[in-house]
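Numbering (full-length UniProt numbering), first residue to last: 1 to 82.
Notes to accompany the following structure.
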């Protein structure tokens, strides 16, 4: 999502977010919260933990159970709740 590093996965997108040039409103909103704004600013420093944090988040998301049968549903229009 970062035009400057579209062939790599890195924390470059946070540079755009910090400049208020995020692609998504949800990303731009990170600057409205003290905690997430601090994380965005930290991601711009040499001691950034972005890649480690991202990896840990992916592992946690992988543990989320899939809802099947009557317990889950597939959205007919992805941006709307059925």
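Where is the CB? At the ideal position from N, CA and C, for every residue including glycine.
### Message
Given this structure, state the Cα-to-Cα distance separating residue 80 from residue 72, to the nearest angstrom.
### Response
Each residue's alpha carbon lies about 15 Å from the other.
### Distance between beta carbons of residue 51 and residue 15, contact taken as under 8 Å
That belief does not hold up - the Cβ atoms of residue 15 and residue 51 are roughly 15 Å apart, past 8 Å.
### Message
Is the beta carbon of residue 21 closer than 8 Å to that of residue 31?
### Response
By the CB criterion at 8 Å, residue 31 and residue 21 fall outside the cutoff.
### Query
CB-CB under 8 Å to residue 75, same chain, minus the five flanking residues each way: which ones, in chain order?
So the list reads 81, 82, once near-sequence residues are dropped.
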